[in-house]
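Here's the structure, in structure tokens; my notes come after.
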Amino acid sequence: MLTIDNLHARVGQQSILKGLNLQIKPGEVHAIMGPNGAGKSTLSYLLSGRDGYEVEGGSVQFMDDDLLEMEVEDRARHGLFLAFQYPVEIPGVSNMEFMKESVNAIREQRGEEPLSAAEFLKKAKEACKQVQLPLDFLKRGVNEGFSGGEKKRNEIMQMILLEPKLCILDESDSGLDIDALQVVASGVNSQRNSERSFLVITHYQRLLDYIKPDFVHILANGKIVKSGDASLALKVEKEGYAFLGIEATEEASS
Amino acid sequence: MTEQIDQALSRKYEAGFVSDIESETFAAGLDEDVIRRISAMKNEPEWMLEWRLRAYHSWLKMEEPEWAHLHYPKIDYQAISYYSAPKSMKDKPKSLDEVDPELLRVYEKLGIPVHEQEVLAGVAVDMVFDSVSVATTFREKLKEAGVIFCPISEAIQNYPELVKKYLGSVVPRSDNYFAALNSAVFTDGSFVYIPKGVRCPMELSTYFRINEQNTGQFERTLIVADEGSYVSYLEGCTAPQRDENQLHAAVVELVAMDDAKIKYSTVQNWYPGDEDGKGGIYNFVTKRGICHTNAHISWTQVETGSAVTWKYPSCVLKGDNSVGEFYSVALTRGRQQADTGTKMIHLGKNTRSTIISKGISAGRSNNSYRGLVHMGPKADGARNFTECDSLLIGDRCGAHTFPYIESRNPTAKVEHEATTSKVSEDQLFLCKQRGLDAEKAVSMIVNGFCKEVFKELPMEFAVEAGKLLEISLEGSVG
Ligand SMILES: Nc1ncnc2c1ncn2[C@@H]1O[C@H](COP(=O)(O)OP(=O)(O)OP(=O)(O)O)[C@@H](O)[C@H]1O
Ligand SMILES: [Mg+2]
């Protein structure tokens with residue numbers, strides 16, 4: 001599904017990723033943990049192709065394609081989805097409208113007919129219920145005035161509708177109350193299957209109680225410094241990152 | 001909309017509706033004689049000629065206004081021809097193959113049917129009329145309701161009393177430089193009269209006027225809604241309109257008698273000129289309505305065309321409890337310049353007005369909102385709410401707001417809100433990450449920004465206006 005090989009990248013003048021390797025196979029769930037400023041969001045932006053993140057070396061293979069050569073929207077159309085750490089508002093554009101355009105852009109790529117308004121509405125309502133947002137959220141402007149937790153649930157709703165191949169969740173659990181956490185987790189779990197892969201960025205082991213990862217990686221100083229199974233997350237939870245012998249922001253702030 | 005055009009196309013020729021004028025184009029230049037000839041061509045009564053001449057003499061004494069935030073070369077009024085006969089069939093393109101492909105591409109994108117494209121592009125089509133046309137039914141229906149809807153040149157002939165009474169009653173002949181010019185030389189336009197208590201049975205559209213050609217330059221529109229009546233009027237169309245005449249100076253007058261309501265919607269899409277602004281149309285429009293007691297006038301405009309736009313649809317809220325509204329979307333790109341806004345003149349008690357203005361600037365364009373809210377000494381309890389938002393696309397364009405408030409009444413309240421925002425990188429990235437290309441993303445964000453205004457437009461118009469913005473924004477994102 002995804003093979004990241006010796007990836008180096010910088011933002012502005014600052015090198016952030018320094019030789020990152022990661023391989024994700026279809027159906028796998030990988031969790032990434034790591035101190036603030038380690039480069040987790042940077043990795044997610046790099047994979048999704050955001051401007052301003054410059055690759056200095058290495059390669060990323062996404063299914064059959066050289067991911068780094070693709071435009072942002074092509075990556076999305078080929079099934080790469082990013083649930084944002086900080087979802088942005090688009091005033092006046094209804095969630096419905098936005099998601100319908102989005103779903104149809106992706107269907108077009110797959111050679112499928114656009115959904116009719118009625119078909120789409122039906123799916124959207126189901127997805128909305130699944131993340132336990134009231135239906136009027138479909139009519140509201142994208143993230144417009146949503147609470148932090150509502151924004152996160154809205155991201156998961158989009159993920160459900162878009163049926164991506166690789167889902168990158170950047171701290172989809174931060175700022176959620178315990179019920180919302182379960183809603184988000186069960187939304188994710190409902191989408192797990194042998195084809196679809198997940199890259200879950202989180203600070204809290206708690207989320208991984210609900211979304212059981214196949215692998216856990218620690219990202220620090222621009223590299224994966226340790227990989228393991230779910231027990232690694234438990235260890236981090238208990239001991240912090242100290243046992244890895246790294247200082248949280250040493251590199252990032254230099 | 002399409003249906004309406006079909007109706008317009010299939011309407012039966014009725015003698016008198018199309019003015020029977022000789023094919024002649026006047027030499028460039030303006031003097032009394034030219035005005036006499038225009039009036040003679042139209043077979044006008046003496047009083048009309050008098051009226052025009054007076055306007056002309058006022059115009060001579062006036063100066064072209066320079067206060068607007070606009071830059072354009074001085075217009076040579078003696079270099080313009082003030083009367084051009086409709087193009088004859090043999091001068092027109094024979095088929096769509098002879099029409100500018102760029103224009104056709106836009107028509108296509110707007111989903112305009114071929115037949116309609118031909119008419120819009122001025123192709124010489126022989127119109128085949130149904131013997132029992134839908135439009136005849138349409139005219140019948142209006143007639144039954146007592147509604148008068150005809151070219152103003154025809155109204156001057158057939159309803160001189162109405163025209164005499166109201167023409168210039170809202171926008172006086174010497175109101176401003178461009179209005180005076182229009183009053184002197186206008187060639188045609190629409191006249192509408194809705195009798196007491198009548199709700200006009202359908203939306204009236206300029207499409208229905210078959211002799212539309214060549215009225216664009218100095219168009220004159222007069223709409224009178226008598227007591228307790230209602231009418232919704234649509235001007236313009238979303239398809240880009242080209243015109244050889246660079247200067248346009250239209251006047252629109254609305255009269256809403258007691259308890260009447262007039263809803264006036266415009267989509268203006270005149271040719272904006274090329275990348276450098278060359279060849280675009282200068283659009284200097286005077287639009288004003290007067291509201292008597294409890295009356296209501298609502299202006300909605302979507303302005304995307306013209307090289308230079310100078311336009312302030314206004315309401316004189318004369319009667320107590322009357323209501324004025326102005327909803328505007330003005331989009332400028334390339335080298336376009338727009339200075340547009342409104343005036344709300346509160347004279348009566350408890351008068352209310354709402355102004356929602358959305359300016360979008362892209363490219364190297366300049367977009368200015370200029371609005372006046374005047375609270376007269378008798379306007380007890382009057383209220384105004386103004387919201388004025390600007391959206392910038394890129395960093396070479398400009399947005400400006402010039403709100404003027406004059407309050408002569410301590411009980412009157414004026415509220416003004418203004419925002420300026422940019423289409424942000426974050427928003428674009430979110431859209432692209434969801435599979436939308438940059439153009440779609442921008443048009444969606446811009447449409448969202450305009451929502452409050454679009455919802456005031458008649459349904460089909462709103463959909464087309466959305467598409468129009470999308471097309472207008474093509475290429476404005478890097
Ligand atoms: N546009 C930018 N300009 C300069 N530095 C940046 C920029 N974006 C990110 N950085 C820096 O890159 C480093 C990595 O940031 P990133 O957001 O990837 O961290 P993170 O691991 O997601 O942290 P958190 O856990 O707090 O979300 C940080 O030191 C951050 O300040
Ligand atoms: Mg982060």
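Just so you know, the sequences run in chain order C and S.
All the letters of the first sequence, read from the start, carry residue numbers 1 to 254 under the UniProt record's numbering.
All the letters of the second sequence, read from the start, carry residue numbers 1 to 478 under the UniProt record's numbering.
Each residue gets a CB set at the ideal place from its N, CA and C atoms; glycine is no exception.
Predicted model, so just to flag it, every value in this text is computed and none were measured.
Take the Cβ of residue 334 of chain S as the centre, count every other Cβ of all protein chains shown within 10 Å, and call the residue buried at 16 or more, exposed below.
Stepping through the second sequence from its first residue, residue 334 of chain S is reached at position 334. Looking at its Cβ environment, which holds 16 or more other Cβ atoms inside 10 Å, residue 334 of chain S is buried.
I'd like to know if residue 178 of chain C contacts chain S, where contact means its C-beta is closer than 8 Å to some C-beta of that chain.
Residue mapping note: residue 178 of chain C aligns to position 178 of the first sequence, counting from 1. So no, residue 178 of chain C is outside the interface.
Could you give the distance in angstroms between the alpha-carbon of residue 480 of chain S and the alpha-carbon of residue 177 of chain S?
Because chain S is modelled from 1 through 478, residue 480 of chain S falls outside the range shown and cannot be assessed.
If contacts are defined as beta-carbon pairs under 8 Å, then residue 343 of chain S and residue 372 of chain S qualify, I think. What distance do you get, rounded to the angstrom?
For the purposes of this step, residue 343 of chain S is identified with residue 343 of the second sequence, where counting begins at 1. For the purposes of this step, residue 372 of chain S is identified with residue 372 of the second sequence, where counting begins at 1. Rounded, the Cβ-Cβ distance is 4 Å, consistent with contact.
Can you find the residues in the same chain that come closer than 8 Å, C-beta to C-beta, to residue 380 of chain S, ignoring five residues on each side of it along the sequence?
As a working mapping, residue 380 of chain S is identified with position 380 in the second sequence. Same-chain partners within the cutoff: 349, 350, 409, 411, 412.
So what's residue 84 of chain S in DSSP terms, helix, strand or just coil?
Residue numbering aside, residue 84 of chain S sits at position 84 when the second sequence is read from its first letter. It is a strand residue.
If you run the structure through DSSP and keep just helix, strand and coil, what is residue 28 of chain C?
Working through the first sequence from its first residue, we reach residue 28 of chain C at position 28. The answer is coil: DSSP assigns residue 28 of chain C none of H, G, I, E or B.
Which residues of chain C have a Cβ atom closer than 7 Å to the Cβ of residue 426 of chain S, listed in chain order?
Taking the first residue of the second sequence as 1, we reach residue 426 of chain S at position 426. Within 7 Å Cβ-Cβ: 88.
Can you look up residue 1 of chain C in the DSSP assignment and give me helix, strand or coil?
Position 1 of the first sequence holds residue 1 of chain C. It is coil, neither helix nor strand.
Kindly indicate if chain C contains any beta-carbon less than 8 Å away from that of residue 181 of chain S.
Here residue 181 of chain S is taken as the residue at index 181 of the second sequence, counted from 1. Taking Cβ atoms only, chain C never reaches closer than 8 Å to residue 181 of chain S, which makes this a no.
Can you determine whether any heavy atom of ligand 2 sits closer than 7 Å to the C-beta of residue 152 of chain C, and answer yes or no?
Sequence index remark: in the first sequence, residue 152 of chain C carries index 152 (1-based). No, the beta carbon of residue 152 of chain C sits no closer than 7 Å to any heavy atom of ligand 2.
Comparing C-alpha positions only, which one of S/460, S/367, S/261 sits nearest to residue 69 of chain S?
The sequence position of residue 69 of chain S within the second sequence is 69, counting from 1. Comparing Cα-Cα distances from residue 69 of chain S to each of S/460, S/367, S/261, the minimum goes to S/367.
If I'm right that residue 153 of chain C touches residue 188 of chain C with Cβ under 8 Å, what's the distance once you round it to whole angstroms?
Residue 153 of chain C sits at position 153 when you count from the first residue of the first sequence. Residue 188 of chain C sits at position 188 when you count from the first residue of the first sequence. That pair is no contact at about 11 Å.
For the alpha helix (DSSP H) that contains residue 45 of chain C, what are its first and last residues?
Walking along the first sequence from the start, residue 45 of chain C turns up at place 45. It spans 40–48 - the alpha helix (DSSP H) in which residue 45 of chain C sits, taken as one unbroken run.
Answer yes if the stretch 397–409 of chain S comes into contact with the stretch 435–442 of chain S, meaning at least three C-beta pairs across the two stretches below 8 Å, and no otherwise.
Verdict: no, contact absent.
Compute the minimum distance between the beta carbon of residue 171 of chain C and the heavy atoms of ligand 1, and state whether it is under 7 Å.
The residue given as residue 171 of chain C occupies position 171 in the first sequence. Under cutoff, so the answer is yes.
List the residues of chain C that residue 444 of chain S touches, going by C-beta distances under 9 Å, in chain order.
The residue labelled residue 444 of chain S in the question sits at position 444 within the second sequence. Residues of chain C passing the Cβ test: 90, 93, 97, 98, 101.
Please decide whether residue 461 of chain S counts as near chain C, where near means a Cβ-Cβ distance under 8 Å.
Walking along the second sequence from the start, residue 461 of chain S turns up at place 461. Judged by the 8 Å Cβ criterion, residue 461 of chain S is not in contact with chain C.
Could you give the distance in angstroms between the alpha-carbon of residue 233 of chain S and the alpha-carbon of residue 263 of chain S?
If you number the second sequence from 1, residue 233 of chain S lands on position 233. If you number the second sequence from 1, residue 263 of chain S lands on position 263. One C-alpha to the other measures close to 6 Å.
Kindly say whether residue 491 of chain S, judged by its beta-carbon, lies nearer than 8 Å to any beta-carbon of chain C.
An answer regarding residue 491 of chain S cannot be provided, because it is not within the stretch 1 to 478 covered by chain S.
Determine whether the Cβ of residue 448 of chain S lies closer than 8 Å to any Cβ atom of chain B.
This model lacks chain B altogether, as its protein chains are C and S.
Touching or not, the stretch 68–76 of chain C and the stretch 126–142 of chain C, by the rule of three or more beta carbon pairs under 8 Å?
Output reads no: the stretch 126–142 of chain C does not touch the stretch 68–76 of chain C.
Just tell me which of S/80, S/220, S/144, S/201 has its CA closest to the CA of residue 247 of chain S.
For the purposes of this step, residue 247 of chain S is identified with residue 247 of the second sequence, where counting begins at 1. It is S/80 whose Cα lies nearest to the Cα of residue 247 of chain S.
Can you tell me where the beta strand (DSSP E) with residue 308 of chain S in it begins and where it stops?
Translated into the one-based positions of the second sequence, residue 308 of chain S becomes position 308. Residue 308 of chain S -> beta strand (DSSP E) spans 308–311.
Once you ignore the five residues that flank residue 144 of chain C on each side, which residues in its own chain have a CB closer than 7 Å to its CB?
Taking the first residue of the first sequence as position 1, residue 144 of chain C is located at position 144. The answer, listed in chain order, is 89, 91.
If I measure Cβ to Cβ from residue 58 of chain C and keep anything under 6 Å in the same chain, skipping five residues before and after, which residues do I get?
For the purposes of this step, residue 58 of chain C is identified with residue 58 of the first sequence, where counting begins at 1. For residue 58 of chain C, where only same-chain residues beyond five positions count, the Cβ hits under 6 Å are 5, 6, 7, 8.
Just list the residues that DSSP pairs residue 255 of chain C with in beta bridges.
Residue 255 of chain C cannot be examined here, being either before or after the span of chain C that is shown, 1 to 254.
Tell me whether residue 445 of chain S, by its Cβ, gets closer than 7 Å to a heavy atom of ligand 1.
Here residue 445 of chain S corresponds to residue number 445 of the second sequence, with the count starting at 1. No, the beta carbon of residue 445 of chain S sits no closer than 7 Å to any heavy atom of ligand 1.
Which residues in chain S sit within 9 Å of residue 206 of chain C, going by Cβ to Cβ distance?
Counted from its first residue, the first sequence places residue 206 of chain C at position 206. The contacting residues do not exist; residue 206 of chain C stays about 27 Å from chain S at best.
By the three-class DSSP mapping on this structure, what secondary structure does residue 214 of chain C have?
Stepping through the first sequence from its first residue, residue 214 of chain C is reached at position 214. In the structure shown, residue 214 of chain C sits in coil (DSSP, three-state: anything other than H, G, I, E or B).
Going by DSSP in three states, residue 151 of chain C sits in which element: helix, strand or coil?
Position 151 of the first sequence, counting from 1, holds the residue named residue 151 of chain C. Three-state DSSP puts residue 151 of chain C in a helix.
Could you check if residue 226 of chain C belongs to the surroundings of ligand 1, using beta carbon to heavy atom distance under 7 Å?
Here the question's residue 226 of chain C lines up with position 226 in the first sequence. No, the Cβ of residue 226 of chain C stays beyond 7 Å of every heavy atom of ligand 1.
Can you pull the chain S neighbours of residue 113 of chain C, defined as C-beta to C-beta under 9 Å?
Locating residue 113 of chain C in the first sequence gives position 113, counting from the first residue. Per Cβ cutoff of 9 Å: no residues; residue 113 of chain C is ~16 Å from chain S at best.
Could you tell me how far apart the beta carbons of residue 39 of chain C and residue 16 of chain C are, in whole angstroms, since I believe they sit closer than 8 Å?
The residue you call residue 39 of chain C lines up with position 39 of the first sequence. The residue you call residue 16 of chain C lines up with position 16 of the first sequence. Confirmed, about 4 Å.
Verify the CB distance criterion: does residue 436 of chain S have a CB-CB separation below 8 Å to chain C?
Position 436 of the second sequence holds residue 436 of chain S. Yes, its Cβ sits closer than 8 Å to a Cβ of chain C.
With DSSP as the reference, identify every bridge partner of residue 366 of chain S, one or two as the case may be.
Residue numbering aside, residue 366 of chain S sits at position 366 when the second sequence is read from its first letter. The partner list for residue 366 of chain S (beta bridge, DSSP) reads S/337, S/398.
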